[in-house]
Every structure is written in structure tokens, then in C-alpha cells.
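Chemist: Attaching a single structure in C-alpha cells format; questions to follow.
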Amino acid sequence: MARLTGGECVVRALADAGFTTVFGIPGVHNLPIYDALAREPRITHILARHEQGAGFMADGYARATGRPGVVITTSGPAALNALAPLGTEYADFSPVLCISSQIESYYVQNGPAPFRGILHEMKDQLGAMSAATGWATRPARASAVASAVREALLHLSAPRPTPAYIELPFDVLQQQTEYVEYDLPERAPAPVDEAQVQQLAELLASAATPLIIAGDVVVRSGASEALTQLAELLGAPVLTDTLGKGAIPENHPLALGRVWRRDVEAVNEVLRESDVVLVVGSILRGKETDEWVMPLPGAVLQIDPDQGRSG
Numbered sequence: 036m037a038r039l040t041g042g043e044c045v046v047r048a049l050a051d052a053g054f055t056t057v058f059g060i061p062g063v064h065n066l067p068i069y070d071a072l073a074r075e076p077r078i079t080h081i082l083a084r085h086e087q088g089a090g091f092m093a094d095g096y097a098r099a100t101g102r103p104g105v106v107i108t109t110s111g112p113a114a115l116n117a118l119a120p121l122g123t124e125y126a127d128f129s130p131v132l133c134i135s136s137q138i139e140s141y142y143v144q145n146g147p148a149p150f151r152g153i154l155h156e157m158k159d160q161l162g163a164m165s166a167a168t169g170w171a172t173r174p175a176r177a178s179a180v181a182s183a184v185r186e187a188l189l190h191l192s193a194p195r196p197t198p199a200y201i202e203l204p205f206d207v208l209q210q211q212t213e214y215v216e217y218d219l220p221e222r223a224p225a226p227v228d229e230a231q232v233q234q235l236a237e238l239l240a241s242a243a244t245p246l247i248i249a250g251d252v253v254v255r256s257g258a259s260e261a262l263t264q265l266a267e268l269l270g271a272p273v274l275t276d277t278l279g280k281g282a283i284p285e286n287h288p289l290a291l292g293r294v295w296r297r298d299v300e301a302v303n304e305v306l307r308e309s310d311v312v313l314v315v316g317s318i319l320r321g322k323e324t325d326e327w328v329m330p331l332p333g334a335v336l337q338i339d340p341d342q343g344r345s346g
């Protein structure tokens, strides 16, 4: 069983999970990660000029490939520079893992009062980064680093993910530990209620003027073709939310475009006349429904694997 530093555990866990590209900037506290990256042929590191840029690169990578993006920063202000992209990714359900270093554990646990003036010392780095992510942790020892990476990746595999954050004190990155290899845990699929599915199908089949509203999960799960076929079978126009753009081809005769607006009378007429509205993979966010006043006069059916965020 190989003995690796905490920094090597981070890189090895990412490489073993199939990651080939990461974005970031080296700094004094994350050098153990960069030393490991230099020796890992399976991963290409792309250098940015600013951590905010690296964070948006990781976001673009995630949106373009469908795989989580990874951004690496050093401690303190460098980590905070990644907050803008993380906030965007949180709002848009973009799967990005941010890995930041931290000052030594002793100073984290015994600071910041009195302020010691340690390089990159700040009041509550973990708390600040937690505000823009959906999952955050700070491993206390090198033996917990690889499992933290795996747990973060499990979080990012959710149907509607939010960014994850791992904070690694400098001493943890330098510690040695045995690296344990095991398969990534798989997220259990959402349970299916066959009776509910049958009821939904019967309601759709009986609809005279059905409407479909499609969202982000349709695009993320690669279900655009299936949704288009359903729309054609039902003769149902399709309205998408912002993140659902692409759920149906924009030039399709049933495509209504994205985002409802009060002043688009043609779309309002379709909404008023709809007797059954099928919402697929959308939580009908406030901005896109004018704070949830978009008229939905018919029966509203919703298909969404993320019950905790369903509207």
C-alpha cells in the first residue's frame, strides 16, 4: 500500500476518478498539491492569471463536458477570489470542486484572536467558502483527504448539483499516510412510483392542450431527444427556463423559446389555454416566473429527480 503526502492523495484521488484537467494557481501553501501534479501524467493543469478566472474556467469545462470542473487555489485572499464563480455555479447548478489550501492547523484552531499575522491568515475561510457552495469540509489529517475528494465527487453527481469545497491545512498536505484505493460510491437513482407514472401518463394522454416546461435536468441528463419526441407525440409546445435552453431545438415548430415574460402575449395565450402543464427538470425559479406569478391554469405535473429542490 503506497504512502503518500496529503497533497499527493488529492491528486491521486482525482486521477483515479478519471479527471484529466484542473485549473488553478500555485501559491506557498498549496505547493504540495502542485508538486504532486507535476508528477501525475494523467492530469493536465491549466494555469490562470487570477483565481476568479480559474473558477470560471472550471465552470465552463463542467458545462461543456458534463463532468465536474476542478479549481485549485492557495489560502486566504486567493480562495476568496474564487467566490464569484462559485456563487454563479451555485445559482446555475454547475458541478465544480474547489480545492484550497489553508494555513497550519494549529493556527486555524487557535486563531484568529489575537491576530498572529500568519501569511494568508483570515477570520473564517471555511465559513466564507461554505456560503457559496453546497458541501464543504476541512480534513483534519492526511488519511481523510482521499475520502473527502470521493465524498465531494458523490455530492457533485447529484441530479442538480451545487459546488463542493475542500480546505486543506498546509500541515495536512505535508503529512504522509497510506493511500487506500476503492471505487467511487454511486448515487442511488431516484425511486420511481409506477402508479404515479401511470397516472401522469393517463393525464397527459387525455389532455386537449398540453404544455411542457423544460429545465436544466433535461439538458444535463441528455434527455433532450426524448423530450422532443414526447412533445411531438403530444403536440405540446415547449417552454424552457434559462438553464433548460437546448432541451428542444430552438428552430423546432413546438419550441416557444426560453423564459416566460408578461409582455409576450403569444406565450401567455398558450399558458392560458393549457389544460395540462408538464414541468420536466425545472424548479420554476423566481426570476423566470416573476416571483412565481407565471399563470399555470391547468393541472401541473412535475417530473424531477431532485425532490429537495422541486417547486
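To get the numbering used here, take the position in the sequence shown, counting from 1, and add 35. Using N, Cα and C, we set each Cβ at its ideal position, and we do this for glycine too.
(1) What residue range is occupied by the uninterrupted alpha helix (DSSP H) comprising residue 100?
(2) Taking only three categories from DSSP, how would you classify residue 273?
(3) Is DSSP giving residue 141 helix, strand or coil here?
(4) Per DSSP, which one or two residues make a beta bridge with residue 405?
(5) For a test of the three-state rule: what should DSSP assign to residue 346, helix, strand or coil?
(6) Helix, strand or coil for residue 285? Go by DSSP, reduced to three states.
(7) When you compare only the Cα positions, how much space is there between residue 250 and residue 127?
(8) Using only the alpha-carbon positions, how far apart do residue 50 and residue 121 sit?
(9) So residue 210 and residue 41 are in contact, right, with Cβ under 8 Å, and what is the actual spacing, rounded?
(10) Determine the direct distance from the alpha carbon of residue 181 to that of residue 213, and round the result to whole angstroms.
(11) For residue 157, which residues in the same chain have their Cβ closer than 6 Å to its Cβ, ignoring the five residues on either side in sequence?
(12) Would you tell me roughly how many angstroms separate the C-alpha atoms of residue 73 and residue 199, rounded to the nearest one?
(13) In the DSSP assignment, the alpha helix (DSSP H) including residue 292 goes from what residue to what residue?
(14) Below 8 Å, can you find three or more Cβ-Cβ pairs linking the segment 241 to 261 to the segment 280 to 297?
(15) Please list the terminal residues of the continuous alpha helix (DSSP H) segment that includes residue 72.
(16) Mind checking whether residue 310 and residue 293 have CB atoms under 8 Å apart?
(17) Is residue 232 buried or exposed, if buried means 16 or more other CB atoms sit within 10 Å of its CB?
(18) Could you tell me which residues DSSP pairs with residue 319 in its beta bridges?
(19) Straight-line CA distance for residue 78 to residue 57?
(20) At which residue ranges does the segment 100 to 185 contain complete beta strand (DSSP E) runs of 3 or more residues, listed in the order of the chain?
(21) How many Å lie between residue 347 and residue 235 at the Cα?
(22) From the DSSP secondary-structure annotation, give me the bridge partner or partners of residue 248.
Modeler: Based on what the coordinates show:
(1) The count along the sequence shown starts at 1 and reaches residue 100 at position 65. Where residue 100 is concerned, the enclosing alpha helix (DSSP H) stretches over 86 to 100.
(2) Translated into the one-based positions of the sequence shown, residue 273 becomes position 238. Strand, per DSSP.
(3) In the sequence shown, residue 141 corresponds to position 106, counting from 1. Residue 141: helix per DSSP, three-state reduction.
(4) With the chain covering only 36 through 346, there is no way to say anything about residue 405.
(5) Reading the sequence shown from its first residue, position 311 is the one you call residue 346. Residue confidence for residue 346 is low, a pLDDT of 39 falling below 50, so the modelled location carries little weight; the figure read from the coordinates is stated next. Correct three-state label for residue 346: coil.
(6) Residue numbering aside, residue 285 sits at position 250 when the sequence shown is read from its first letter. It is coil, neither helix nor strand.
(7) Along the sequence shown, read from residue 1 onward, the residue named residue 250 stands at position 215. Along the sequence shown, read from residue 1 onward, the residue named residue 127 stands at position 92. The alpha-carbon atoms of residue 250 and residue 127 are separated by roughly 11 Å.
(8) Reading the sequence shown from its first residue, position 15 is the one you call residue 50. Reading the sequence shown from its first residue, position 86 is the one you call residue 121. Each residue's alpha carbon lies about 23 Å from the other.
(9) The residue given as residue 210 occupies position 175 in the sequence shown. The residue given as residue 41 occupies position 6 in the sequence shown. That pair is a contact at about 5 Å.
(10) As a first step, residue 213 must be located in the sequence shown, where it is residue number 178. As a first step, residue 181 must be located in the sequence shown, where it is residue number 146. Their Cα atoms are separated by approximately 10 Å.
(11) Within the sequence shown, the letter at position 122 stands for residue 157. These residues qualify, in order along the chain: 111.
(12) Counting from 1 along the sequence shown, the entry for residue 73 is found at position 38. Counting from 1 along the sequence shown, the entry for residue 199 is found at position 164. Going from the Cα of residue 73 to the Cα of residue 199 covers about 24 Å.
(13) Sequence index remark: in the sequence shown, residue 292 carries index 257 (1-based). Run containing residue 292: none in the alpha helix (DSSP H); it sits in the beta strand (DSSP E), 290 to 293.
(14) yes
(15) Position 37 of the sequence shown, counted from the first residue, corresponds to residue 72. Its alpha helix (DSSP H) spans residues 66 to 73.
(16) As a working note, residue 310 is residue 275 in the sequence shown. As a working note, residue 293 is residue 258 in the sequence shown. No, the Cβ-Cβ distance between residue 310 and residue 293 is not below 8 Å.
(17) To locate residue 232, count along the sequence shown from 1; it is residue 197. Exposed, by the Cβ-count rule.
(18) As a working mapping, residue 319 is identified with position 284 in the sequence shown. BP columns for residue 319 are empty, so no partner.
(19) Within the sequence shown, the letter at position 43 stands for residue 78. Within the sequence shown, the letter at position 22 stands for residue 57. Roughly 7 Å separates the two Cα atoms.
(20) 104 to 108, 131 to 137 and 170 to 172
(21) Because the chain spans 36 through 346 in this model, residue 347 falls outside it and cannot be assessed.
(22) For the purposes of this step, residue 248 is taken as the residue at position 213 of the sequence shown. Paired residues: 274 and 314.
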